[in-house]
Amino acid sequence: MRNISDSVSGPNRDGTISEDTIRASLISAVSDKLRWRMKEEMDRAQAELNALKRTEEDLKKGHQKLEEMVTRLDQEVAEVDKNIDLLKKKDEELSSALEKMESQSENNDIDEHVRLLSRKQFQLRALMQKARKTAGLSDLY
Numbered sequence: 001m002r003n004i005s006d007s008v009s010g011p012n013r014d015g016t017i018s019e020d021t022i023r024a025s026l027i028s029a030v031s032d033k034l035r036w037r038m039k040e041e042m043d044r045a046q047a048e049l050n051a052l053k054r055t056e057e058d059l060k061k062g063h064q065k066l067e068e069m070v071t072r073l074d075q076e077v078a079e080v081d082k083n084i085d086l087l088k089k090k091d092e093e094l095s096s097a098l099e100k101m102e103s104q105s106e107n108n109d110i111d112e113h114v115r116l117l118s119r120k121q122f123q124l125r126a127l128m129q130k131a132r133k134t135a136g137l138s139d140l141y
């Protein structure tokens, strides 16, 4: 096998470039171009990778925020449910108290009516006693 440096000798004595020199020059040019394209491709891939990493970080932060929001909403829902239960109990207590007051109000109306009738009865008895006394009749009571 021949080494490229052994066969690369530069221009011949007649002023032409040897086939091996042309071949070595072409190999070098193609190699340089491939290295340049590979570097370009690697730089592009690295930039894309960096963009993907930033996107991943943004997504992780967004996910964390969403998790916090869900947790906070769960707590708020639990608090609202607790308040709803408390309000239902208070509503039942108020309804019960209202029914009791209405019942007592009806009883108070009856009690007031009984008092009025008792007063009227007392007045009528007093009038009857006065009339009997004035007429000279005996007391019934």
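Per full-length UniProt numbering, the sequence shown starts with residue 1, numbered consecutively. Glycine included, each C-beta is placed from N, C-alpha and C at the ideal position.
> Is the Cβ-Cβ distance between Q129 and D139 less than 8 Å?
Replying inline: yes
>> My output table needs one value for I22: the three-state DSSP class, helix, strand or coil.
In response: helix
>> Helix, strand or coil for D58? Go by DSSP, reduced to three states.
In response: helix
>> So that I know if they touch, is there some Cβ in chain B lying closer than 8 Å to that of V114?
In response: Annotation note: the requested chain B is absent from the structure, which comprises a single protein chain.
>> What would DSSP say about D111, mapped onto helix, strand or coil?
In response: helix
> Grouping DSSP H, G and I as helix and E and B as strand, with all else coil, what is S138?
Replying inline: coil
> How long is the line joining the alpha carbons of R35 and K61, rounded to whole angstroms?
Replying inline: 39 Å
> Distance, Cα to Cα, S96 vs K82?
Replying inline: 21 Å
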